Structures are given as C-alpha cells and as structure tokens.
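Undergrad: One structure is given below, represented as structure tokens, and several questions about it will come after.
There are 2 protein chains.
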Amino acid sequence: MADEKQGYPQYPIEETLTVFWEDGKVAMIDQRILPETFQINYYETYEAVADAIKAMVVRGAPAIGASAGFGMAIAAQQSTATTVDDLRTDLKRAGDVLAKSRPTAVNLFWGIERMLKTADDPGLTTVEQAKARLLDEAQQIAEEDIATNQRMGAFGAELVPENATIIHHCNTGSLAAVAWGTALGVVRSAFFAGKNVRVLVDETRPRLQGARLTSWELKNLGIDHAIIVDGASGHYLRRGEADLCLVGADRIAANGDTANKIGTYNLAVVAHENNVPFYVVAPFSTIDFRTPTGDDIEIEERSQEEVTRVAGHQIAPEGVSAGNPAFDVTPHRYITAIVTERGVVRPPFDVNLRALAAAPVSEA
Amino acid sequence: MADEKQGYPQYPIEETLTVFWEDGKVAMIDQRILPETFQINYYETYEAVADAIKAMVVRGAPAIGASAGFGMAIAAQQSTATTVDDLRTDLKRAGDVLAKSRPTAVNLFWGIERMLKTADDPGLTTVEQAKARLLDEAQQIAEEDIATNQRMGAFGAELVPENATIIHHCNTGSLAAVAWGTALGVVRSAFFAGKNVRVLVDETRPRLQGARLTSWELKNLGIDHAIIVDGASGHYLRRGEADLCLVGADRIAANGDTANKIGTYNLAVVAHENNVPFYVVAPFSTIDFRTPTGDDIEIEERSQEEVTRVAGHQIAPEGVSAGNPAFDVTPHRYITAIVTERGVVRPPFDVNLRALAAAPVSEA
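Below you can see the structure in the form of structure tokens.
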C-alpha cells in the first residue's frame, strides 16, 4: 500500500473486504442479513450491481463509491463493443443506470465519473486495453479507499482523548467502506493507538445499521460498546457521559453542511447544546463543491415498510403511513470539524474546504 | 361526569377503558400485544397488578396512577383482616409492593398515597365499610382521570393552530390513561373541535409505543398521521414541516424539569433550536413538589433485551450490551408550557406551578 512510505500507521485488514473483484465478478458482503448470516454475493452485470446498491446489499458512501467503480468495470467486461468509442457509449449507459440507484451519496457519482474519465483517455486504442485499464482503475479506487480511511483514522485519532466515550451513528466501519471505515475507522485507529475507547452505538432506525453492523464490527475488534436507541443519545450527553460524537457523511456541501443518515442532525444539535464535540469523518471525495449548501442536497425517501416493519415483522397497524427520509442535513454550525484524508478541517468550512481542495495533496 | 356542569366540552369515550374494575377483578387492556391482538387481562391480587405494571401490560403515567388505585382496592378485597387497623396494615404492605413496580412515574406513588389516606379516615369503623370506601375511591380516581384529560384537552386545543402538524412522542392517548389521554388527548380535542390536525408519530424505541399504540389510536379515531423514526423529528422540524410538539410526562419536578419517555429530551432540544413550541401535557398529580429538579428524579433502567430484540427477533449480535434508560429529563428551559387540568402554566415554572398549586381549583 502506497502509504507505508508516507509514514501513516498501517494496520492489518483482517476482515473480508466489503466489495471486491473476484473472477470477473463484483463480490459484496450482503449487509442486509448481517449479523445473523455472513454471505458474499456475486454480480455479473452492472444492472445487478445497481440493484444491489439500491437494495442496500452494500451501503455507506465510500463503499458505494467503490461499488460504482466495480459496476463500471463489469459494464466494460459485459460490453460487446468492438471499438473504444462504442465501449465509451456502453459505459455512459451503465453510468446512467448506476447513478439512479441512490441519489444522496455523492461518492456514487464521483466513482462513475472517475471511471468515465478513465475511459476517455485518448491513449486507449483497443477495447481489450480499455477494459483492462478500467478494471485497474476500479481496483485503484478500492485500494485508495483503504489508504484514505487509514489516513483519516490517524488524523481523527488525535482528536480522541486517552479515555473516551464516543457516540456513533449508523455504520461507518469496514462495512461502509472497502475496509477500515471512516468515523468508525477513527475509533479503530484510536483503539489500536492504545486509547481507552468505549462506543455508545446509536442503533440507527429504521435499518438498524448501528445495532446490526457497527456492534458486529466492534464485537469482532474487541472494542467496548453498548447499543442505545437513537432517542437516548441526549440522555448520555446531558449527563456528561459522552465525550465526543463521530459520524460519517453521504455528501458534504461546499459550506460544510452535511447529509448523513437520518438522526444525525438530532445528534448534532443535542451534542452542540451540551458542548460536546461533533466530528464528521469522510473522504475528500464526499465533499461536493457543486452543491453550495445542504438545502441543495436531494434527500432519498425510502419505502414506508422500513419503518412499519422490523426484521420482517409488522410493528404498526396494517395500512398506517410512515415517513422515511433516509438522510438528514446537519447545518455546518453544529459541526466541530470535518476529518478528511487531507487533514482536519475546522470552521469557517466554506473557506477552509476550498483551501484544502486547492492545496497540493500532502500529509503536512 | 362532574365536568358537564362546568362547561367543558364532553365527548363520548368510545373505547374500552384502559384499566377498570369488573366483577371483583382489575381489568386491563394488554398493551404488550397491541396492535396485533386486543385482549383484556384480569388480575385478582395486588401482586399480580404490580407485576402487570412492571411488565408494562399497562403503562402511561395516568394509567399507572389509576392502576395503583385499583391495585390497592383489590388488596383491600383480598385482605382477611377483621379490624380496620389490620386492613390498614395489609394496605401498607400492598402499597410497598406496588410502589416497587416502576420508579419514575410519580402518579404511581400518588395513587397509592391517596388510597392509604382514604383508608386512614377515622370515620371508617368496619372492614366492609372500609373495603367499599376504598373501591369507591379507586373508581373515583379513574373517573377523575377522564374528566381531567378532557379538561387538559380543552386547554391544550387552544394552543393548536387551525392547521397543524404535530410531532408526538411515545403514547399519551387513551391507552396511557383511563381514557382520552394527555398529549394525545389534546390532539383528540383539537380534532373534535374541527381543527385540521396531522400527527408525525415518533415510533418511540425501544418499546415502539408510538408505532404500536399511538398509530392504532389515531387510526381508530380517523386522525391523519404518519409514523417516523425517532431520529427523523429534527429533519421535519428544520424544514418547517412541524408546527408544535406535544408530549406527556412521568414526573414533573417543582422547577418544571420533566421526566418522560426516552427520546423526549432530544425532541425538545431540536424543537427549541428550531423555535417550534414544545408542550408538556400532564395532570396536576404528575407534578412532584417534593422533587426540586429533574436531576433528583430516579431514571428506571430496563432490560437490555428491549433494545437488542424487536418483536421477539434478535437484531444485534448475540452477547452485545445495551444501555436502556426508560426515561430522560428535559430541563424546563426547553418547555414552552405545561398543560394541566388547572390551566396552562408558562415559565417561570418554579413560581407558576406553586401558584397554581396554591390557587383554589377552578376553571377560570
């Protein structure tokens, strides 16, 4: 991994990667059935990859970005084009289909665009060469994701006190990325750095990514934690029983407003009210400079059944309606800092995010 | 009902009462199995009533208060005492057992104490007379509860705009009282007064009283509503899609700090941050002048399984810990007003609650 020479701490990735390429197929851990069942699904078409993203076989902004890369790579493999230009046309069609899978996480669009840009390389002269180059690029996206997460982990771990109780929302661990994770990657890095960390795991209704996935990862890592219902975070914050909050992001607007899993905004406001630091941890690719503010981010509304049913069991009376926004927007004023692989960004975010975008990428 | 002559609007109670006396038994709707199954359980001993309160067959502060009254009445029936003094001793023992069922709702202690005070009447000379008097008192508590709720409903409905989207937490409806309800009673009163109300129903993890019970009541009443996960309230509040919040209370300290179902504090803070009124609706008996502030209220910690299992289905990895505070405390500064059957109390609550306690009870 490229980072070893750059002085970032590197820890072994012991888990199966969340999304990876195997024998001409896109492989994904099926996150819908964890923690009961650990299963790898294999997809042979970009349409199947798009469906898997939509159905949340894979979720988490960085993992969706990598899945988009592999989805484009499999579209290239599928293509019967005999010229590079025809292959590019096929890829654009695949990109359009993949882009419709989920609207909020910008990493999806970033992954598709990066692959389209790769295909546009005028140096590509044969279809075989282009297909190989595209698979290589998808692999590169996935490898970079792990390195990026470990950098964020190192930066973020410096913000974690020696003894810390951390409130964490949703899942931002290995399963939300290719490996390591973003906000939960910071927890992992702090833990491996010898800090005494404990996590209060927001269960994260409706899909329970916290109770199902984050607790599974923390249990596997041997990190102390307790699941809490999302409404309980304030109880702990008000009593001084939590030291910081760590969350990921699905899209960060140019002004720092952050779209993330529903419930993030409530947590941010209550943390702010109790003077507890609230950190967003996300790769730089999550920052969407074309989106000026959080109000410009499309919020995905998912099916009512995610609310009215739990684990296949109807909990509400039949026929009752539910509202199910998958994400909310946390205005930047509630965010203490944004941790990226390029460093920790503090307010004013509009100025400092742009400055980091303009700066040469180095590890200061 | 006594209120009819006092000019309060009286609407028919069409539902089965939540708790009532029938043929020498305490009858309760079993709220653990709604909305799937509507079933009345019958209890013949005060120990069984205490267990039912503990297991949450019945819940909701006013309903617990009435259940305590009936529990004491059944203790009197059970008693084999041959003197009134011995009966009083038996009742004290029953009161001690009932008092241990749940620690937070003050109405429990209020109900027990009211029954003990009734038994202390020196005018009671025979055991039979005392038993009849105690059953009468328990019935009186239950009847007063309905009248009290309808008064609160009338006061509270005046705070509801003609067209209003209301966020409601937990269940505070008919099922949380003997009938009508507190916060949801206000919704009912506003609806019957012809207002165009819509309710965003916090599902209220871990026990899902909102998704299971509040939606069931609203559906039966024909009131427009949608269930939302608890973490989504801020999303609607921030976008200006909710006009007010209505919640009940399990105990109100002398300074107005309010203990209520876990998640209430988060909702209150986010409502406050968005300048949306946050109203607590509770009978005057919920105000505990012996508790100076919210920090003096004992918060019940319930079993971890309420968090790690939903509808009998394990959602978290086996062996993972959970924190499960059943209530939280909302400091009074987040509360716009407290609606009681004696009127609407506004800040400063420490002064104005005491003033209302001292004032002669009238309907000004």
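Protein chains in written order, with our numbering: chain H, 10 to 373; chain U, 10 to 373.
Glycine included, C-beta positions come from ideal geometry on N, C-alpha and C.
On a predicted model such as this, the values are computed, not experimentally measured, just so you know.
Any beta-carbon of chain C closer than 7 Å to the one on Pro-44(H)?
TA: Looking for chain C here will not work: the only protein chains present are H and U.
Undergrad: How about Val-195(U) and Gly-165(U): are their beta carbons less than 7 Å apart?
TA: Translated into the one-based positions of the second sequence, residue 195(U) becomes position 186. Translated into the one-based positions of the second sequence, residue 165(U) becomes position 156. Yes. Within cutoff.
Undergrad: I need the straight-line Cα distance from Ile-236(U) to Asn-333(H), nearest angstrom please.
TA: For the purposes of this step, residue 236(U) is identified with residue 227 of the second sequence, where counting begins at 1. For the purposes of this step, residue 333(H) is identified with residue 324 of the first sequence, where counting begins at 1. Rounded to the nearest angstrom, the two C-alpha atoms are 9 Å apart.
Undergrad: Classify Gln-138(H) as buried or exposed, calling it buried when 16 or more other Cβ atoms lie within 10 Å of its own Cβ.
TA: The sequence position of residue 138(H) within the first sequence is 129, counting from 1. The residue in question, Gln-138(H), is exposed, as its Cβ has fewer than 16 Cβ neighbours within 10 Å.
Undergrad: Could you check whether the Cβ of Asp-312(U) sits closer than 7 Å to any Cβ belonging to chain H?
TA: Start at 1 with the first residue of the second sequence, and residue 312(U) comes out as number 303. Sequence inspection shows Ser at residue 312(U); the Asp mentioned does not correspond to that position. No, because no Cβ of chain H sits closer than 7 Å to the Cβ of Ser-312(U).
Undergrad: Could you compute how far the alpha carbon of Ala-367(H) sits from the alpha carbon of Gly-352(H)?
TA: Looking up residue 367(H) in the first sequence gives position 358. Looking up residue 352(H) in the first sequence gives position 343. Straight-line Cα distance between these residues: approximately 13 Å.
Undergrad: Using a Cβ-Cβ cut-off of 7 Å, state whether Asp-239(U) counts as contacting chain H.
TA: Sequence index remark: in the second sequence, residue 239(U) carries index 230 (1-based). For Asp-239(U), the answer is yes, since a Cβ of chain H falls inside 7 Å of its Cβ.
Undergrad: Alpha carbon to alpha carbon, what distance is there between Leu-230(U) and Ala-200(U)?
TA: Here residue 200(U) corresponds to residue number 191 of the second sequence, with the count starting at 1. Here residue 230(U) corresponds to residue number 221 of the second sequence, with the count starting at 1. As written in the sequence, residue 200(U) is Phe, which differs from the Ala given in the question. Each residue's Cα considered, the two are about 9 Å apart.
Undergrad: If you draw a straight line from the C-alpha of Ala-11(H) to the C-alpha of Arg-123(H), how long is it?
TA: The residue you call residue 11(H) lines up with position 2 of the first sequence. The residue you call residue 123(H) lines up with position 114 of the first sequence. Residue placement at Ala-11(H) is poorly supported in this model, since its pLDDT is 35, which falls under 50; the coordinates still yield a value, given next. Looking at the two C-alpha atoms, the distance is approximately 20 Å.
Undergrad: By the 10 Å Cβ neighbour count, where 16 or more other Cβ atoms means buried, how is Val-360(U) classified, buried or exposed?
TA: On the second sequence, position 351 is the one that residue 360(U) refers to. Val-360(U) should be labelled exposed.
Undergrad: Excluding the 5 residues preceding and the 5 following Lys-14(U) in the sequence, name in chain order all residues of the same chain whose CB lies nearer than 8 Å to its CB.
TA: Along the second sequence, read from residue 1 onward, the residue named residue 14(U) stands at position 5. Residue placement at Lys-14(U) cannot be trusted, given a pLDDT of 33 that sits under 50; the coordinates are not used to answer.
Undergrad: When the distance is taken between beta carbons, is Ile-271(U) closer than 7 Å to Ala-251(H)?
TA: Within the first sequence, the letter at position 242 stands for residue 251(H). Within the second sequence, the letter at position 262 stands for residue 271(U). Their beta carbons are not under 7 Å apart, which means Ala-251(H) does not touch Ile-271(U) by this criterion.
Undergrad: Three or more C-beta pairs under 8 Å: does that hold for the region 294 to 308 of chain H against the region 261 to 278 of chain H?
TA: Judged by Cβ distances under 8 Å, the region 294 to 308 of chain H makes contact with the region 261 to 278 of chain H, as three or more pairs qualify.
Undergrad: Apart from the five residues just before and just after Leu-96(U), which ones in its own chain have a Cβ nearer than 8 Å to its Cβ?
TA: Position 87 of the second sequence, counted from the first residue, corresponds to residue 96(U). Closer than 8 Å at the Cβ level, and outside the excluded window around Leu-96(U), lie Ala-85, Ser-88, Ala-90, Ala-128, Val-136, Ala-139 and Lys-140.
Undergrad: Excluding the 5 residues flanking Glu-23(H) on each side, which residues of the same chain have their C-beta closer than 8 Å to its C-beta?
TA: As a working note, residue 23(H) is residue 14 in the first sequence. Same-chain partners within the cutoff: there are none.
Undergrad: Report the CB separation of Tyr-274(H) from Gly-243(U) in whole angstroms; it is logged as a contact under 8 Å.
TA: Taking the first residue of the first sequence as position 1, residue 274(H) is located at position 265. Taking the first residue of the second sequence as position 1, residue 243(U) is located at position 234. 4 Å between Cβ atoms; contact.
Undergrad: For Gln-148(H), tell me which candidate among Val-354(H), Asn-50(H), Ala-82(H) and Thr-317(H) has the shortest Cα-Cα distance.
TA: For the purposes of this step, residue 148(H) is taken as residue 139 along the first sequence, with counting starting at 1. Of the candidates Val-354(H), Asn-50(H), Ala-82(H) and Thr-317(H), the one whose C-alpha sits nearest the C-alpha of Gln-148(H) is Ala-82(H).
Undergrad: Is it the case that the region 300 to 319 of chain U contacts the region 183 to 197 of chain U, given that we only count it when at least three CB pairs across the two stretches are under 8 Å?
TA: no
Undergrad: Go through the region 29 to 94 of chain U residue by residue and report every complete run of the beta strand (DSSP E) that reaches 3 residues or more, in order.
TA: 34 to 38 and 49 to 52
Undergrad: Would you be able to state if there are at least three C-beta pairs under 8 Å between the region 69 to 81 of chain H and the region 53 to 60 of chain H?
TA: Touching, yes.
Undergrad: Locate the beta strand (DSSP E) running through Val-290(H), then write down its first and last residues.
TA: As a first step, residue 290(H) must be located in the first sequence, where it is residue number 281. Unbroken beta strand (DSSP E) run through Val-290(H): 287 to 290.
Undergrad: Give the residues from the region 318 to 344 of chain H that approach chain U closer than 7 Å (Cβ to any Cβ), ordered along the chain.
TA: Val-319, Ala-320, His-322, Ile-324, Ala-325, Pro-326, Val-329, Ser-330, Ala-331, Gly-332, Pro-334 and Asp-337
Undergrad: Would you report the Cα separation of Val-208(H) and Asp-99(U), rounded to the nearest angstrom?
TA: Against the first sequence, residue 208(H) aligns to sequence position 199. Against the second sequence, residue 99(U) aligns to sequence position 90. About 48 Å.
Undergrad: When you compare the CB positions of Leu-276(U) and Cys-254(U), do they come within less than 7 Å of one another, or not?
TA: For the purposes of this step, residue 276(U) is taken as the residue at position 267 of the second sequence. For the purposes of this step, residue 254(U) is taken as the residue at position 245 of the second sequence. Yes, these two residues count as a Cβ contact at 7 Å.
Undergrad: Give me the chain H residues within the contact set of Lys-228(U), using Cβ-Cβ distance strictly less than 8 Å, ordered along the chain.
TA: Residue 228(U) sits at position 219 when you count from the first residue of the second sequence. Simply Pro-326, Gly-328 and Val-329.
Undergrad: Would you mind telling me which residues of chain H sit closer than 7 Å to Gly-243(U), beta carbon to beta carbon, in chain order?
TA: For this step, residue 243(U) is matched to residue 234 along the second sequence. Those are Tyr-274, Asn-275, Val-278 and Asp-337, listed as they occur along chain H.
Undergrad: Any C-beta of chain U sitting closer than 7 Å to the C-beta of Leu-380(H)?
TA: Because chain H is modelled from 10 through 373, residue 380(H) falls outside the range shown and cannot be assessed.
Undergrad: Output, in chain order, the set of chain U residues within a Cβ distance shorter than 9 Å of Val-256(H).
TA: Taking the first sequence and counting its residues from 1, one reaches residue 256(H) at position 247. Here the premise fails: no neighbours, minimum Cβ distance about 12 Å.
Undergrad: Report the residues of the region 176 to 188 of chain H with a CB closer than 9 Å to any CB of chain U, ordered along the chain.
TA: His-178
Undergrad: How would you label Ile-344(H), buried or exposed, when you count the other beta carbons within 10 angstroms and need 16 or more for buried?
TA: Residue mapping note: residue 344(H) aligns to position 335 of the first sequence, counting from 1. Buried.
Undergrad: Could you tell me whether the Cβ atoms of Ala-77(U) and Gly-33(U) are closer together than 7 Å?
TA: As a first step, residue 77(U) must be located in the second sequence, where it is residue number 68. As a first step, residue 33(U) must be located in the second sequence, where it is residue number 24. No, they are not a contact pair.
Undergrad: Suppose only complete runs of 4+ residues qualify. What are the alpha helix (DSSP H) ranges in the region 135 to 199 of chain H, listed by chain order?
TA: 136 to 166
Undergrad: By DSSP, does Glu-24(H) sit in helix, in strand, or in coil?
TA: Taking the first residue of the first sequence as 1, we reach residue 24(H) at position 15. Coil at Glu-24(H), not helix or strand.
Undergrad: Any beta-carbon of chain U closer than 7 Å to the one on Pro-292(H)?
TA: Counting from one through the first sequence, the residue named residue 292(H) turns up at place 283. Judged by the 7 Å Cβ criterion, Pro-292(H) is not in contact with chain U.
Undergrad: Taking the alpha carbon of Glu-152(U) as the reference point, which residue from Gly-162(U), His-177(U), Ala-163(U) and Ala-188(U) has its own alpha carbon closest?
TA: To locate residue 152(U), count along the second sequence from 1; it is residue 143. For Glu-152(U), the nearest C-alpha among the options comes from Ala-188(U).
Undergrad: Find out if the Cβ-Cβ distance for the pair Pro-326(U), Pro-44(H) is shorter than 7 Å.
TA: By 1-based counting over the second sequence, the position of residue 326(U) is 317. By 1-based counting over the first sequence, the position of residue 44(H) is 35. Yes; because the gap between Cβ atoms is below 7 Å, this pair is in contact.
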